[in-house]
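Residue 1 is where the sequence shown starts when you use my numbering, and the numbers rise one by one after that.
Contents: one structure, followed by commentary.
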Amino acid sequence: MFDIKFQEFIDANPQCVTWFERLAKEKWCRSHDAEGRRFGHMTTNLAECVNKVLRGARNLPITALVKLTCSRLVEYFVTRRVEINRNIAEGRIVAKKVEDDLQRMNQLTIHYRVRIYDRDLQLFEVEDAYNQSTHVAGDIMRVDLINRKCQCGRFTARRYPCSHVLAVCKMEKLNHYSYVDPVFTVQYISQVYAAHWYPIGNELLIQQGEGPTVIPNVTLTRTKGRPKSTRIQNEMDWVESQPASSQQRCRGCNQTGHNMRTCPTRLRRA
């Protein structure tokens, strides 16, 4: 499935191949996350969440940075614990986002036809309905419930049932929640926020700890001038830092920074 979709992408923009060849597929493509270690997340989703939580703390002194990080964590634990307890009281089984996605995919199952190949091995085939408008036959996917695999790849990558697995569960009268990874369950999430936080209180009353004396490195003292306020670059900023000769160029004007579709020269001519 990935090869088919990726070939369509290459046919639309052949020049992108050289850029994609620099990157390992498991770094940017969920279909190559063979063991589902990312749980459906893309490359930097989790890092961006941390950046959002600590927004405004980037250029603070170390003491203020630690205090702000601690206060933000306490705030998140308090609000999340209240939310989780409310979900448990309402009888919710899995996280709300997962439940919403399951309900959305469950609506797609009305168009599927399930064929049983082996009940003992729990092997099934799910066929999508014939599209009357495009006159194209529906996709056919193989489902292996024992090994928790579906040919579409979503079941493995996201760690909870795809629409094809939901269709099988509906026909076989199986509880589809049993195929959701435990990390998405409300009970599991409640354990994440079960830790207790204790207020620091008056800092003057804190006893001095025993241990070696830490001497700051004088070579790392901040130099004169305004401190850097931009974000620390990561691998996503790699292309911007490369020389213009190695960056992708527009086929129309041979300039960097855009492609043929967004070329300002072509748009002005149009």
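In this text, a Cβ means the ideal position worked out from N, Cα and C, and glycines have one as well.
Q) valine 214 by DSSP, collapsed to three states: which one? A) Note: valine 214 maps to coil in three-state DSSP.
Q. Within 10 angstroms of its Cβ, does asparagine 147 collect 16 or more other Cβ (buried), or is it exposed?
A. With fewer than 16 other Cβ atoms within 10 Å, it is exposed.
Q: Assuming valine 186 contacts isoleucine 62 (C-beta within less than 8 Å), just tell me the rounded distance between them.
A: Between valine 186 and isoleucine 62 a beta carbon distance of about 37 Å is seen, past the 8 Å cut, so the two are scored as non-contacting.
Q: Could you name the residues of the same chain whose beta carbon sits closer than 7 Å to that of valine 17, not counting the 5 residues immediately before and after it, in chain order?
A: Cβ neighbours of valine 17 beyond the five flanking positions: Ile10.
Q: Return yes when the Cβ of phenylalanine 184 is within less than 9 Å of the Cβ of tyrosine 160, no when it is not.
A: Yes, these two residues count as a Cβ contact at 9 Å.
**Q.** Three-pair Cβ contact test at 8 Å for the region 189–203 versus the region 75–86
**A.** Touching, per the Cβ criterion.
(Q) Does the distance between the C-beta of glutamine 187 and the nearest non-hydrogen atom of the ligand FAD fall short of 8 Å? (A) Here there are no bound small molecules, and the ligand FAD is not part of this structure.
Q: Tell me where the alpha helix (DSSP H) around valine 165 begins and ends.
A: Residue range 163–172 is occupied by the alpha helix (DSSP H) that includes valine 165.
Q. Looking at the unbroken alpha helix (DSSP H) that takes in phenylalanine 6, where does it start and where does it end?
A. First-last of the alpha helix (DSSP H) with phenylalanine 6: 2–12.
Q. Can you round the beta-carbon distance between valine 143 and histidine 164 to whole angstroms, since I take them to be within the 8 Å contact cut?
A. Right, their Cβ atoms sit about 5 Å apart.
(Q) Using only the alpha-carbon positions, how far apart do methionine 171 and leucine 23 sit? (A) Approximately 41 Å, taken between the alpha carbons.
Q. Per DSSP, what kind of secondary structure is glutamate 240 in: helix, strand or coil?
A. Reliability fails at glutamate 240, whose pLDDT of 49 lies under 50, so the model's placement of it is uncertain and the value that follows must be treated cautiously. DSSP, reduced to helix, strand and coil, places glutamate 240 within a helical segment of the structure shown.
Q: Rank Val114, Gln122, Lys96 by C-alpha distance to the C-alpha of aspartate 139 and give the top, closest one.
A: Across the set Val114, Gln122, Lys96, the C-alpha of Val114 shows the shortest separation from the C-alpha of aspartate 139.
**Q.** Entirely enclosed alpha helix (DSSP H) segments - the region 66–142, minimum 4 residues
**A.** Here the runs fully enclosed are 96–108.
Q.
Report the CB separation of glutamine 15 from glutamine 255 in whole angstroms; it is logged as a contact under 8 Å.
A. So it is not a contact: roughly 14 Å between Cβ atoms.
Q: Could you check what DSSP says for cysteine 253 in three-state terms: helix, strand or coil?
A: If DSSP states are grouped into helix, strand and coil, cysteine 253 belongs with coil.
Q | Buried or exposed (CB count within 10 angstroms, at least 16 for buried), cysteine 49 | A | With fewer than 16 other Cβ atoms within 10 Å, it is exposed.
Q.
Within the continuous alpha helix (DSSP H) that includes isoleucine 189, where are the two ends?
A. 186–192 is the span of the alpha helix (DSSP H), which, as asked, contains isoleucine 189.
Q | Status (buried if at least 16 other CB within 10 Å, exposed otherwise) for glutamate 240 | A | Unreliable positioning characterises glutamate 240 in this predicted model, as indicated by a pLDDT of 49, which lies under 50. A coordinate reading is not provided.
Q: With DSSP as the reference, label cysteine 49 as helix, strand or coil.
A: In the three-state reduction of the DSSP assignment, cysteine 49 falls in the helix class, which pools H, G and I.
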